[in-house]
Structures are given as structure tokens and as C-alpha cells.
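K.L.:
Same order as they appear, the protein sequences are chains A and B.
The opening position of the first sequence corresponds to residue 65 in the numbering used here, with each subsequent residue numbered one higher.
The opening position of the second sequence corresponds to residue 65 in the numbering used here, with each subsequent residue numbered one higher.
Structure in C-alpha cells, see below.
2 protein chains.
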Amino acid sequence: MDSVDGLYSDGMPKDRRSPGPAPRPAPDGLDEVDRELVRLLTADGRMANNALAEATGIAPSTCLARVRSLRERGVIRGFHADVDLGALGQPLQALIAIRIGAHSRDEIDRFRSKVPGLPGVLSLFHVSGANDYLLHVSAATPDALREFVLDHLTADPAVVHAETSLIFEHIRATPDARN
Amino acid sequence: MDSVDGLYSDGMPKDRRSPGPAPRPAPDGLDEVDRELVRLLTADGRMANNALAEATGIAPSTCLARVRSLRERGVIRGFHADVDLGALGQPLQALIAIRIGAHSRDEIDRFRSKVPGLPGVLSLFHVSGANDYLLHVSAATPDALREFVLDHLTADPAVVHAETSLIFEHIRATPDARN
DNA sequence: AGTGAAAAGCGCGCTTC
DNA sequence: GAAGCGCGCTTTTCACT
Numbered sequence: 065m066d067s068v069d070g071l072y073s074d075g076m077p078k079d080r081r082s083p084g085p086a087p088r089p090a091p092d093g094l095d096e097v098d099r100e101l102v103r104l105l106t107a108d109g110r111m112a113n114n115a116l117a118e119a120t121g122i123a124p125s126t127c128l129a130r131v132r133s134l135r136e137r138g139v140i141r142g143f144h145a146d147v148d149l150g151a152l153g154q155p156l157q158a159l160i161a162i163r164i165g166a167h168s169r170d171e172i173d174r175f176r177s178k179v180p181g182l183p184g185v186l187s188l189f190h191v192s193g194a195n196d197y198l199l200h201v202s203a204a205t206p207d208a209l210r211e212f213v214l215d216h217l218t219a220d221p222a223v224v225h226a227e228t229s230l231i232f233e234h235i236r237a238t239p240d241a242r243n
Numbered sequence: 065m066d067s068v069d070g071l072y073s074d075g076m077p078k079d080r081r082s083p084g085p086a087p088r089p090a091p092d093g094l095d096e097v098d099r100e101l102v103r104l105l106t107a108d109g110r111m112a113n114n115a116l117a118e119a120t121g122i123a124p125s126t127c128l129a130r131v132r133s134l135r136e137r138g139v140i141r142g143f144h145a146d147v148d149l150g151a152l153g154q155p156l157q158a159l160i161a162i163r164i165g166a167h168s169r170d171e172i173d174r175f176r177s178k179v180p181g182l183p184g185v186l187s188l189f190h191v192s193g194a195n196d197y198l199l200h201v202s203a204a205t206p207d208a209l210r211e212f213v214l215d216h217l218t219a220d221p222a223v224v225h226a227e228t229s230l231i232f233e234h235i236r237a238t239p240d241a242r243n
């Protein structure tokens with residue numbers, strides 16, 4: 065049993081049977097229905113509006129307005145297919161810890177804007193600590209990965225050090241773990 | 065100009081103007097239309113079926129069958145909303161490098177299966193190298209993050225070392241970079 | 001496997017409470 | 001801010017190529 069998250073732990077039994085506006089104050093601009101919509105759409109981004117409406121107990125038209133509002137406010141940034149990269153011929157993934165040695169802001173900016181466009185790049189984290197960046201990439205073969213690192217990272221004048229860790233397994237948490 | 069990716073670099077000028085079946089042998093079970101569907105759905109997971117059909121030059125009914133097949137074969141695992149965690153009250157993210165000291169397989173398995181369910185956990189990477197796991201988490205406040213690490217990682221008998229790096233910025237690569 | 005037409009279901013604006 | 005109605009379009013099935 066988790067005693068830590070401490071978020072929204074008001075202990076109130078959730079009972080949304082009666083009509084009328086929700087009495088909950090809403091920590092930010094989101095009420096409980098909004099949160100539920102976000103949770104449902106995180107689990108299944110193609111869920112139909114009807115189904116969403118029924119699952120949250122509101123009318124379809126209201127649901128549509130809610131979801132649109134969530135998108136407009138940037139709470140939901142977009143929807144993406146979750147693809148098995150192995151099936152696309154990229155069975156390898158790696159995380160590459162990168163240390164930057166550049167002193168000019170321009171050179172750092174150049175690095176930061178070129179990397180996301182490199183082939184196989186999935187995402188780039190700018191982090192605190194001993195390393196400056198953590199790069200998540202996919203590759204077709206070990207050789208392709210090695211070439212990627214040599215040609216795009218080691219060869220980059222801004223990069224001082226690059227350490228590659230192969231990803232054996234990537235477990236994505238279920239969305240309801242966030243609430 | 066990238067001279068590296070080396071994938072599908074057959075040097076053949078791509079010319080899919082003529083009708084009839086594609087002459088391309090297809091590296092795995094996916095032809096060019098499948099790849100395009102995957103690419104489009106990665107960019108916009110809620111794209112309508114007829115829009116997909118038109119964009120790929122096939123009939124809506126065919127498109128539906130293609131996409132279903134992609135899902136059934138596991139090429140597309142699912143669709144998910146991309147959510148701004150800050151808007152949900154979790155403005156902090158971190159990557160935590162974890163070293164495991166457990167000697168029994170059971171204890172490692174226990175760790176691996178408990179972590180994805182912990183509050184705020186986004187994903188868990190099992191990696192090669194000096195560290196065993198890399199954990200991507202979100203948190204409401206620095207204190208909540210600290211508590212998470214202390215209660216769930218430092219306190220875990222399987223964990224020997226946990227090093228937290230705050231994520232300043234997370235740049236997700238555009239999907240077309242993978243082709 | 002790909003297509004076209006027809007039926008079922010959904011998106012989404014408008015009006016009312 | 002939420003619900004109900006209704007039109008138009010999309011999705012989805014099915015017989016056919």
C-alpha cells in the first residue's frame with residue numbers, strides 16, 4: 065500500500081450520482097471529470113466520444129466540449145500511435161549519456177536543435193547532474209548504433225563524452241499509476 | 065546532410081506512380097503503405113480513417129483493414145494521449161539511475177514488478193552498463209520527489225544506489241526522423 | 001488483397017434548461 | 001456549464017472483382 069503520493073488524498077468517497085455542479089474546488093483548472101477524461105484518453109487515445117461520455121457520466125455534447133477544452137488548454141498535447149520499433153526493423157534501443165564541453169551558447173543551441181532530427185532519435189532529455197543530456201535512440205543493428213554514436217555524437221565538437229547503454233527492456237507504466 | 069543512417073539505402077529512385085502491386089520486396093511484412101500509415105498515426109493518432117486512406121492513396125475500407133492488421137500483428141500497440149503533466153499538477157520530472165545489489169532472482173523480479181505501479185512512475189528502462197535501471201518519474205514538488213526516492217528506492221533492499229537527475233527539458237523527436 | 005455501395009453509428013452544431 | 005435533438009459525415013460490413 066502506498067502512503068507516499070500525498071496528492072489529492074482528501075479521503076472523500078467519490079459519489080457523483082446527483083446532478084448539479086461538482087462541489088470539488090479543483091486544485092488547478094481541472095475537475096474530477098477532466099482528470100478522468102485525461103486518464104481514459106491516456107489509456108486509449110482512440111476512444112470514441114460516446115464511450116468517453118458514458119464512462120464519465122456526462123452527455124456526449126458536453127464530453128466533446130470538455131475534450132476540446134483540454135486540447136486547447138494544452139492539457140492534452142496530442143495523440144500518438146505506440147509503435148513496436150522492432151516490427152519496423154529497429155529492434156535495438158539505447159540510452160546515451162552525453163556530456164557537453166562547449167562554452168558558447170550558440171554551440172549548445174546548435175547541438176540541441178540538430179539532435180532531435182537525427183535518424184533513430186526518439187527523445188532527448190536535458191538533465192541535471194554529471195551528464196548534460198540523455199538521448200534515447202533506436203537502431204537496426206549494433207553497427208548502425210555504433211555508427212550513429214561515432215558520426216553524430218563523438219564527432220560533434222560540442223560533445224565531450226558519450227556513454228551508450230543498451231536498453232534490454234522498456235516497461236511503460238500504466239496511466240492510472242499517476243493518480 | 066546525413067550520410068549515415070544506412071537503412072534502406074538501396075539507392076533506388078522511389079517512383080510509385082504506376083498502378084499494380086508494389087515491386088518492393090518489403091524487409092519485413094510491411095510494405096510502403098503500411099509504413100506510411102504507421103508514420104501518419106504516430107504523428108496524429110486520432111487521424112480519421114478516410115483521411116488516412118486519402119493520404120496513402122487507398123480506399124477507406126482497405127485502409128481500415130490495413131490499420132486493423134497492423135494492430136493485430138502488434139506493429140501498432142495502441143494509441144495514447146500525450147498529456148502535459150504540469151497541467152495535472154506534476155510539473156517535475158526526473159530520471160533516476162538505479163543500481164541493484166540483489167543476488168536472488170526473486171528479489172530482482174519483485175523490484176521490477178513493483179516499480180511500474182508506484183505513483184508518478186512513467187517508465188522503467190532496464191539497461192546495460194554501470195547502472196541496472198533508469199527510472200523516469202514525475203512529481204508534484206521537490207519534496208514529493210525526494211520522498212519517492214527515499215520511500216520506494218533507497219528503502220528497497222534490492223537497491224544499492226539511486227542517483228536522481230532532474231529533467232530540465234524533454235524534447236520528443238518528430239516521427240519522420242525514424243524513416 | 002482491394003474496392004464500392006449501403007447500413008449503422010458517430011461527430012458536432014444548435015437550442016433549451 | 002450541461003443536456004437533447006438532428007443533420008451530415010464517417011466508419012464498418014459485405015458481396016464482388
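Cβ coordinates follow ideal geometry from the N, Cα and C atoms, glycine included.
These figures come from a predicted structure and were not determined experimentally.
Might you give, ordered along the chain, the residues of its own chain that have their beta carbon closer than 7 Å to the beta carbon of P124 of chain B, omitting 5 neighbours on each side?
P.N.:
Here the question's residue 124 of chain B lines up with position 60 in the second sequence. N113, N114, A117, listed in sequence order.
K.L.:
What is the DSSP secondary structure of G150 of chain A, reduced to helix, strand or coil?
P.N.:
Counting from 1 along the first sequence, the entry for residue 150 of chain A is found at position 86. Helix, per DSSP.
K.L.:
Going along chain A, which residues have a C-beta under 8 Å from G109 of chain B?
P.N.:
Within the second sequence, residue 109 of chain B is the residue found at index 45, counting from 1. G109, R110, G142, F143, H144, A145, listed in chain order.
K.L.:
Which same chain residues end up closer than 8 Å to Q154 of chain A when comparing Cβ atoms and leaving out the 5 residues on each side of it in sequence?
P.N.:
On the first sequence, position 90 is the one that residue 154 of chain A refers to. For Q154 of chain A, where only same-chain residues beyond five positions count, the Cβ hits under 8 Å are G184, S202, A203, A204.
K.L.:
So, for F175 of chain B: in the same chain, excluding its five sequence neighbours on each side, which residues have a beta-carbon less than 6 Å away from its beta-carbon?
P.N.:
Position 111 of the second sequence holds residue 175 of chain B. A222.
K.L.:
Does D148 of chain B get closer than 7 Å to chain A when you measure Cβ to Cβ?
P.N.:
Counting from one through the second sequence, the residue named residue 148 of chain B turns up at place 84. D148 of chain B counts as touching chain A.
K.L.:
Shortest alpha-carbon distance to I164 of chain A belongs to which of A:L156, A:R236, A:E227, A:V97?
P.N.:
Walking along the first sequence from the start, residue 164 of chain A turns up at place 100. I164 of chain A has its Cα closest to that of A:E227, out of A:L156, A:R236, A:E227, A:V97.
K.L.:
Round the Cβ separation of G109 of chain A and F143 of chain A to the nearest angstrom and send it over; I've been treating them as touching at under 8 Å.
P.N.:
For the purposes of this step, residue 109 of chain A is taken as the residue at position 45 of the first sequence. For the purposes of this step, residue 143 of chain A is taken as the residue at position 79 of the first sequence. The pair is a contact, with the Cβ atoms about 4 Å apart (cut-off 8 Å).
K.L.:
Look up I231 of chain B in the DSSP assignment and give the residues it is bridged to.
P.N.:
By one-based count along the second sequence, residue 231 of chain B stands at place 167. Partner(s): A:V191.
K.L.:
Relative to the C-alpha of L182 of chain B, which candidate in B:G193, B:A208, B:S168 has its C-alpha closest?
P.N.:
Position 118 of the second sequence holds residue 182 of chain B. Comparing Cα-Cα distances from L182 of chain B to each of B:G193, B:A208, B:S168, the minimum goes to B:A208.
K.L.:
For a contact defined as C-beta to C-beta under 8 Å, what are the partners of P180 of chain B on chain A?
P.N.:
Here residue 180 of chain B refers to the residue found at position 116 when the second sequence is read from its first residue. What P180 of chain B touches in chain A: I235, R236, A237, T238, A241.
K.L.:
Tell me whether R141 of chain A sits in a helix, a strand or coil according to DSSP, three-state version.
P.N.:
Here residue 141 of chain A refers to the residue found at position 77 when the first sequence is read from its first residue. If DSSP states are grouped into helix, strand and coil, R141 of chain A belongs with the strands.
K.L.:
Smallest Cα separation from D220 of chain B: which of B:P206, B:V191, B:E171?
P.N.:
For the purposes of this step, residue 220 of chain B is taken as the residue at position 156 of the second sequence. In this structure, B:E171 is the residue among B:P206, B:V191, B:E171 with its C-alpha nearest to the C-alpha of D220 of chain B.
K.L.:
Quick one: which chain A residues come within Cβ less than 9 Å of T218 of chain B?
P.N.:
As a first step, residue 218 of chain B must be located in the second sequence, where it is residue number 154. None at all; the shortest Cβ gap to chain A is about 12 Å.
K.L.:
Only counting the same chain, and skipping five residues up and downstream in sequence, which positions put a Cβ closer than 6 Å to that of I160 of chain A?
P.N.:
If you number the first sequence from 1, residue 160 of chain A lands on position 96. Same-chain partners within the cutoff: L199, A226, T228.
K.L.:
Within its chain, find whatever has a CB closer than 8 Å to the CB of D196 of chain A; leave out the 5 residues flanking it on each side and keep chain order.
P.N.:
Your numbering for residue 196 of chain A matches position 132 in the first sequence. The residues are I162, R163, I164, H190.
K.L.:
By the criterion of Cβ-Cβ separation under 9 Å, what are the contact partners of H18 of chain A in chain B?
P.N.:
This structure gives no information on residue 18 of chain A, because the portion of chain A shown stretches from 65 to 243.
K.L.:
With DSSP collapsed to three states, give me the class of L214 of chain A.
P.N.:
Residue mapping note: residue 214 of chain A aligns to position 150 of the first sequence, counting from 1. DSSP places L214 of chain A in helix when its eight states are reduced to three.
K.L.:
Can you grab the Cα-Cα spacing for the pair L105 of chain A / A119 of chain A, in whole Å?
P.N.:
Residue 105 of chain A sits at position 41 when you count from the first residue of the first sequence. Residue 119 of chain A sits at position 55 when you count from the first residue of the first sequence. Looking at the two C-alpha atoms, the distance is approximately 11 Å.
K.L.:
Output the distance between the C-alpha atoms of A166 of chain A and Q157 of chain B, rounded to the nearest integer angstrom.
P.N.:
The residue given as residue 166 of chain A occupies position 102 in the first sequence. The residue given as residue 157 of chain B occupies position 93 in the second sequence. Cα to Cα, A166 of chain A sits roughly 25 Å from Q157 of chain B.
K.L.:
Leaving out five residues on either side along the sequence, give the residues of the same chain with a beta carbon under 6 Å from the beta carbon of A194 of chain A.
P.N.:
Here residue 194 of chain A corresponds to residue number 130 of the first sequence, with the count starting at 1. Excluding sequence neighbours, A194 of chain A sits near nothing in its chain.
K.L.:
Could you name the residues of chain A that S187 of chain B contacts, counting a contact when the two beta carbons are closer than 7 Å?
P.N.:
Walking along the second sequence from the start, residue 187 of chain B turns up at place 123. By Cβ distance, chain A contributes H234, I235, R236, A237.
K.L.:
Is DSSP giving S168 of chain B helix, strand or coil here?
P.N.:
For this step, residue 168 of chain B is matched to residue 104 along the second sequence. S168 of chain B falls in the coil class under three-state DSSP.
K.L.:
The alpha helix (DSSP H) that contains V179 of chain B, what's its start and end?
P.N.:
Translated into positions along the second sequence, residue 179 of chain B becomes position 115. Counting along the chain, V179 of chain B falls outside any alpha helix (DSSP H), and DSSP gives it neither H nor E.
K.L.:
Counting pairs of Cβ atoms below 8 Å between the segment 134-152 of chain A and the segment 208-217 of chain A, do you hit three or more?
P.N.:
Counting Cβ pairs under 8 Å, fewer than three are found: no touch.
K.L.:
Helix or strand or just coil, what does DSSP make of A226 of chain A?
P.N.:
Working through the first sequence from its first residue, we reach residue 226 of chain A at position 162. Three-state result, A226 of chain A: strand.
K.L.:
List the DSSP bridge partners of V185 of chain A.
P.N.:
One-based indexing of the first sequence puts residue 185 of chain A at position 121. DSSP output for V185 of chain A lists A:V201 as bridge partner(s).
K.L.:
Rounded to the nearest angstrom, what separates L230 of chain A and S177 of chain B at their Cα positions?
P.N.:
As a first step, residue 230 of chain A must be located in the first sequence, where it is residue number 166. As a first step, residue 177 of chain B must be located in the second sequence, where it is residue number 113. The alpha-carbon atoms of L230 of chain A and S177 of chain B are separated by roughly 20 Å.
K.L.:
Starting from P124 of chain B, trace the alpha helix (DSSP H) in both directions and tell me its first and last residue.
P.N.:
Stepping through the second sequence from its first residue, residue 124 of chain B is reached at position 60. Where P124 of chain B is concerned, the enclosing alpha helix (DSSP H) stretches over 124-136.
K.L.:
What residue range is occupied by the uninterrupted alpha helix (DSSP H) comprising D98 of chain B?
P.N.:
On the second sequence, position 34 is the one that residue 98 of chain B refers to. Where D98 of chain B is concerned, the enclosing alpha helix (DSSP H) stretches over 96-107.
K.L.:
Just list the residues that DSSP pairs R163 of chain B with in beta bridges.
P.N.:
The sequence position of residue 163 of chain B within the second sequence is 99, counting from 1. Beta-bridge pairing links R163 of chain B to B:H225.
K.L.:
Given this structure, state the Cα-to-Cα distance separating R137 of chain A from G93 of chain A, to the nearest angstrom.
P.N.:
Numbered from its first residue, the first sequence carries residue 137 of chain A at position 73. Numbered from its first residue, the first sequence carries residue 93 of chain A at position 29. If you draw a straight line from the Cα of R137 of chain A to the Cα of G93 of chain A, it is about 10 Å long.
K.L.:
Among the candidates A:P206, A:D148, A:L152, A:R103, whose CA atom is the shortest distance from the CA of L149 of chain B?
P.N.:
What you label residue 149 of chain B is simply residue 85 of the second sequence in a count that begins at 1. Of A:P206, A:D148, A:L152, A:R103, the residue nearest in Cα terms is A:R103.
K.L.:
What three-state label does DSSP hand R174 of chain A in the structure shown?
P.N.:
Against the first sequence, residue 174 of chain A aligns to sequence position 110. Of the three classes helix, strand and coil, the one that applies to R174 of chain A here is helix, per DSSP.
K.L.:
For the alpha helix (DSSP H) holding A237 of chain A, just list the boundary residues, first then last.
P.N.:
Translated into the one-based positions of the first sequence, residue 237 of chain A becomes position 173. Note, A237 of chain A: premise wrong, no alpha helix (DSSP H); not H, not E.
K.L.:
Between the C-alpha atoms of M111 of chain A and E96 of chain A, what's the straight-line distance to the nearest angstrom?
P.N.:
Within the first sequence, the letter at position 47 stands for residue 111 of chain A. Within the first sequence, the letter at position 32 stands for residue 96 of chain A. Roughly 19 Å between the two C-alpha positions.
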